[in-house]
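K.L.:
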Amino acid sequence: MTLPAESIAPQRARNRRLIIVIGVVIPLLITVVGAFVMALWIPELPNPVASHWGTNGPDGYSSVGGVIALPLLITLVFAVLAAIVSWEGAPQGGLVWAHKILIATSVFLAALLTVIAAGSLAIQRGLESADAAGDVGGVMLAAFVVATMLALFGWLMLPAAEKVQSAPVVAEPIGATSTERVHFSTTTRLGPGVVVIAVVALVALGLALTIQAASNPTELLLPASIGLFVIALAVSTLSWRVTIDHRGLRVRSAMGWPRATIAPDQIDSVAVVDVNPIGEFGGYGWRWAPDGRSGIVLSKGEAIEVKRTNGKKFIVTMHDAKRGAEALATVAKK
Amino acid sequence: MLIRVDSASEIPLFEQLASSIRSSVIDRSLRAGERLPSARELADSLDINVHTVLRAYQQLRDEGFIELRRGRGATVAATPHSYESLAAGVSAVVADARTANVSLAALTALIRSEYQ
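Protein chains in written order, with the numbering used here: chain Z, 18 to 351; chain F, 9 to 124.
1) Could you please tell me which residues of the segment 170-199 of chain Z, in chain order, have their CB closer than 8 Å to any CB of chain F?
2) In terms of alpha-carbon separation, which member of Z/Glu343, Z/Gly208, Z/Gly244 lies closest to leucine 315 of chain Z?
3) For alanine 306 of chain Z, I'd like the list of residues in its chain whose CB is within less than 7 Å of its CB, leaving aside the five on either flank, ordered along the chain.
4) Can you tell me where the beta strand (DSSP E) with alanine 40 of chain F in it begins and where it stops?
5) Tell me which same chain residues have a C-beta within less than 7 Å of the C-beta of alanine 301 of chain Z, skipping the five on either side of it?
6) Establish whether the CB of arginine 340 of chain Z and some CB of chain F are separated by less than 7 Å.
7) My output table needs one value for histidine 200 of chain Z: the three-state DSSP class, helix, strand or coil.
8) By the 10 Å Cβ neighbour count, where 16 or more other Cβ atoms means buried, how is glycine 79 of chain F classified, buried or exposed?
9) What number of angstroms, rounded off, separates the C-alpha of leucine 93 of chain Z from the C-alpha of alanine 338 of chain Z?
10) Mind checking if alanine 271 of chain Z is an interface residue toward chain F, Cβ cutoff 7 Å exclusive?
11) Given that arginine 69 of chain F touches chain Z, what residues does it touch there, using C-beta distances under 7 Å?
12) Any beta carbon of chain F sitting closer than 7 Å to that of serine 202 of chain Z?
13) Against chain F, with Cβ distances strictly below 7 Å, would alanine 344 of chain Z count as a contact?
14) Where in the segment 68-125 of chain Z do unbroken runs of the beta strand (DSSP E), each at least 3 residues long, occur, reported from the N-terminal end onward?
15) Closest Cβ-Cβ distance between aspartate 282 of chain Z and chain F: below 7 Å?
16) Is it buried or exposed for leucine 112 of chain Z, if we count other Cβ within 10 angstroms and need 16 for buried?
17) What residues in its chain sit with their C-beta under 6 Å from that of glycine 77 of chain Z, if we drop five residues either side in the sequence?
18) Using only CA atoms, which one of Z/Ala107, Z/Leu126, Z/Ala346, Z/Gly82 lies nearest to leucine 45 of chain Z?
19) With a threshold of 8 Å, are at least 3 pairs of Cβ atoms found where one atom belongs to the segment 30-39 of chain F and the other to the segment 68-86 of chain F?
20) In this structure, how does DSSP classify glutamate 92 of chain F when only helix, strand and coil are distinguished?
21) Let me know the secondary structure DSSP gives glutamate 23 of chain F once reduced to three states.
22) Using the rule of at least 16 other Cβ atoms within 10 Å of the residue's Cβ for burial, across every protein chain shown, is methionine 18 of chain Z buried or exposed?
23) Determine whether the Cβ of aspartate 35 of chain F lies closer than 7 Å to any Cβ atom of chain Z.
24) Compute the distance between the beta-carbons of alanine 231 of chain Z and leucine 237 of chain Z, then report whether it is under 7 Å.
25) Using a Cβ-Cβ distance cut-off of 7 Å, determine whether isoleucine 11 of chain F contacts chain Z.
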């Protein structure tokens with residue numbers, strides 16, 4: 018059901034006020050108040066202050082200004098990003114769960130970073146040298162609890178997530194005789210806009226690894242292997258080969274792995290759906306939605322939705338989904 | 009690309025296969041440059057002989073619909089023709105043939121002699 022434009026506008030305006038207040042104003046208020054309180058303590062603090070703790074007390078130091086400014090900077094960047102991403106909202110003027118998570122995370126991040134910074138400075142008040150600073154375990158725990166409670170409060174202030182799921186259209190088998198065989202195959206790819214974002218992210222990851230390799234080669238092995246695995250996985254999942262025949266549905270990424278198969282006897286029904294990647298799956302790639310559906314989500318628009326006999330649903334976005342769904346319904350029937 | 013072959017049909021399997029792929033190129037569900045499954049893969053998928061698939065691929069290559077290259081397999085040829093304008097004319101001719109009770113064999117014979 019689509020609401021007329023005039024009834025979407027007031028709701029969208031209301032949501033934008035909430036995005037600004039909960040996602041930007043409250044987080045910034047928390048960090049600014051925190052920074053003000055910390056600034057009042059400056060005369061009583063050692064210089065430099067301890068900013069990093071190892072197993073045997075402080076092992077990293079920085080200037081007071083740095084400790085005060087960091088929560089402000091990170092929160093500002095994240096809050097602005099969260100607001101920009103959620104600004105357009107869902108098609109009906111509401112917010113989808115992915116937007117709500119971003120806004121609540123903005124509150125969480127502000128509270129967590131501010132309490133950690135303020136708490137770690139509070140225990141250093143009146144000390145001659147930062148070396149004598151006590152343990153920060155309690156501060157970290159308190160920061161986590163406070164941040165979680167505030168984020169939860171922010172989440173509850175937001176309206177219920179709008180469901181953007183389209184109604185599935187059940188695919189009917191092609192009028193095939195028992196001697197007829199069908200084969201459907203197609204290649205499904207990530208849209209060009211998303212590819213640009215993915216490439217930027219991967220280049221940044223590659224750059225980070227290069228810097229690590231140059232500055233600290235001894236600790237390179239773990240980040241490098243994780244980084245290369247992420248890059249390989251991302252590249253291999255940009256394009257998938259989909260095949261439907263008497264063996265069921267098979268999806269295979271460009272590099273052969275990951276892959277998935279659903280045999281005909283595991284299929285309960287097949288339908289065509291309209292997918293909104295951000296709204297329903299929170300992004301692109303091999304995805305799991307909060308409602309239990311999973312699948313290959315590479316583009317906005319038509320997709321086949323396979324309901325398995327165990328009730329789980331698997332989705333593949335593709336061009337020509339109607340024909341694919343009919344072919345799969347045909348083999349599932351036999 | 010949707011392929012349907014019926015082993016009980018009078019039309020030879022390779023001909024059915026070629027006709028399915030041909031329509032996929034014409035209705036653009038297969039795009040220029042796209043790779044077709046290998047003959048082995050398609051034969052397994054449809055449970056037919058690999059030579060049947062190869063025969064269909066060769067026929068489509070002779071018609072200019074696909075390109076066969078060693079090592080690259082079969083790819084859809086970059087066809088400069090637009091089949092859309094033809095489709096309207098063809099459906100009109102077929103409708104005429106139906107009303108006049110002209111058989112498909114007779115109609116194709118007419119088209120062939122006109123073409124040559």
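For glycine and all other residues, C-beta sits at the position ideal for the given N, C-alpha and C.
P.N.:
The structure says:
1) The segment 170-199 of chain Z vs chain F, Cβ under 8 Å: Ile191, Ala193, Thr194, Thr196, Glu197, Arg198, Val199.
2) Z/Gly208
3) Glu297, Phe298
4) Premise fails: alanine 40 of chain F is in no beta strand (DSSP E) and is neither H nor E.
5) Here residue 301 of chain Z is tyrosine; the residue named in the question, alanine, does not match the sequence. So the list reads Leu207, Val211, Pro294, Val314, Leu315, once near-sequence residues are dropped.
6) yes
7) When secondary structure is reduced to three states using DSSP, histidine 200 of chain Z falls in the strand class.
8) exposed
9) 42 Å
10) no
11) Residues of chain Z passing the Cβ test: none, with the nearest at roughly 19 Å.
12) yes
13) Judged by the 7 Å Cβ criterion, alanine 344 of chain Z is in contact with chain F.
14) 74-79
15) Not one chain F Cβ lies under 7 Å of aspartate 282 of chain Z.
16) So leucine 112 of chain Z counts as buried.
17) Ser68, His69
18) Z/Leu126
19) Yes: the two stretches touch, three or more of their Cβ pairs being nearer than 8 Å.
20) helix
21) helix
22) Only weak support is given to the placement of methionine 18 of chain Z: the predicted model assigns it a pLDDT of 47, under 50, and the value that follows is read from those uncertain coordinates. Around the C-beta of methionine 18 of chain Z, fewer than 16 other C-beta atoms lie within 10 Å, and the residue is accordingly described as exposed.
23) no
24) no
25) yes
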